[in-house]
Amino acid sequence: MIPLLILGLLIQNPGAHGYELLALMEKRHYKYIVNFTKGSFYYNLQQLEEKCFIEQIQQKPSTSGREIRNFKVTESGRAEFEKLMIKYGTKSEYVNLQFYGALLFADEFDKNKLLDLIQSQIDQTKTRIELLDEYLSITQEIPGTINYFRRMNENSRSHHLVNLEWFEKLKAEIE
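-8 is the number of the first residue of the sequence shown in the numbering used here; add one for each residue after it.
The structure is reproduced here in structure tokens:
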């Protein structure tokens, strides 16, 4: 999934360098779509370059003296982007929360510790909703294809609200 995100961002932002792309992923909260780290991002960027899906363009001198490598998507990279769009665009997955796995053995676990786990889920879900609310409040006026991403985030927010309600009911039942 990370290669799709990098290719898509480079198509939207030709000539961007790695740090710019990573900053966009963080700013747009792509972590809700795929788990990534700085290391996994740069690894995928390097792999895309080695496979000739992206190529380096003019070097801009840096005030810090560090080399800035700007990239653009190649013709084969555009084909790879199309392939990845079809691959990920046709997938449908079950909701597979790790919490569900732990919950399978709730009866074998200390009740108070279980309540702490559920509270942790409540707190994390509230934080996700707050972050999504923040993102949605600043993107209302942005036109264009970002509307698809906005709709995904609205849908994600709806799922988190349902999860929050479920976690709170579950906690009340256990208490």
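Where a beta carbon is used, it is the ideal one built from N, C-alpha and C, also for glycine.
Mind checking whether residue i and residue j have CB atoms under 8 Å apart?
| i | j | result |
| --- | --- | --- |
| N26 | P(-6) | no |
| L(-2) | L75 | yes |
| G9 | I48 | no |
| L204 | K29 | Any question about residue 204 goes unanswered here, given that the chain covers just -8 to 166. |
| Y126 | N144 | yes |
| I109 | K162 | yes |
Residues in its own chain within less than 6 Å of residue i by CB, not counting five upstream and five downstream?
| i | result |
| --- | --- |
| L15 | L0 |
Leaving aside the five residues before and after residue i along the sequence, list all residues of the same chain whose C-beta is less than 8 Å from its C-beta, in chain order.
| i | result |
| --- | --- |
| I45 | I(-3), L(-2), L1, L36, L39, F62, K63, V64, T65, G68 |
| N4 | E11, L12, L15 |
Based on the DSSP secondary-structure assignment, which residues constitute the bridge partners of residue i?
| i | result |
| --- | --- |
| H8 | N61 |
Which value, in whole angstroms, describes the spacing of the CA atoms of residue i and residue j?
| i | j | result |
| --- | --- | --- |
| Y79 | E73 | 10 Å |
| Y21 | R141 | 12 Å |
| E71 | H150 | 31 Å |
| E159 | I113 | 7 Å |
| K18 | I165 | 38 Å |
| F32 | M(-8) | 11 Å |
| T116 | T81 | 27 Å |
| R60 | R119 | 33 Å |
| Q89 | D124 | 24 Å |
| R148 | L155 | 10 Å |
| N103 | S128 | 37 Å |
| L122 | D101 | 32 Å |
| S111 | I77 | 36 Å |
| W157 | A93 | 16 Å |
| D107 | Y91 | 15 Å |
Using a Cβ-Cβ cutoff of less than 7 Å, which residues in the same chain neighbour residue i once the five nearest sequence positions on both sides are dropped?
| i | result |
| --- | --- |
| E99 | none |
| Y23 | S147 |
| K96 | Correcting the residue type first, residue 96 is Phe in the shown sequence and not Lys. Answer for F96: no residue qualifies. |
| L152 | I120 |
Practice item. Could you pull out every unbroken beta strand (DSSP E) segment of at least 3 residues lying fully inside the segment 38 to 117, listed in chain order? Key: 45 to 47, 62 to 64
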